[in-house]
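In this note's numbering, the protein residues as written are 65 to 186. A short write-up of the structure that comes next.
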């Protein structure tokens, strides 16, 4: 695990989140930016896994993140929103926000439609 930056308010690590999350103590806030399986060239990571392999990878870090930060929100790519929701489980009552690189989903009248689930409601 490589320390990237630290001061009295924040500590940042540049490492595989699957290695870092299990050794951190409970935190007020945690952030992980895993590969999103969109085909980017990271040099050391294949970002073009089949869906089953990618979701298996996500199961590891989501489970660790959920234990570390049980009271925070989770941001997911729209493509895997339902899978992330299922991985977090029904007992996870926090906000799950989803994003898409194309922008908001458009409604019938051309209005931007955004959805956010909070405690199971839309």
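Here a beta-carbon is modelled for each residue, glycine too, at the ideal position from N, C-alpha and C.
| Item | Value |
| --- | --- |
| Apply the 10 Å Cβ neighbour rule to residue 150 and answer buried if 16 or more other Cβ atoms are within range, or exposed otherwise. | exposed |
| Would you mind reading off the limits of the alpha helix (DSSP H) that contains residue 148? | 145-152 |
| Enumerate in chain order the residues of its own chain whose CB-to-CB distance from residue 103 is below 8 Å, with the five nearest sequence positions on each side excluded. | 111 and 112 |
| Pick from 115, 101 and 69: whose alpha carbon is nearest that of residue 109? | 101 |
| For residue 128 versus residue 98, is the C-beta spacing smaller than 9 Å? | no |
| Out of 125, 70, 116 and 153, which has the shortest C-alpha to C-alpha gap to residue 196? | This structure leaves residue 196 out entirely; the chain is present only between 65 and 186. |
| DSSP three-state call for residue 119: helix, strand or coil? | helix |
| Quick one: is residue 118 buried, meaning 16 or more other Cβ sit within 10 Å of its Cβ, or exposed? | buried |
| Please state whether DSSP places residue 76 in a helix, a strand or coil. | strand |
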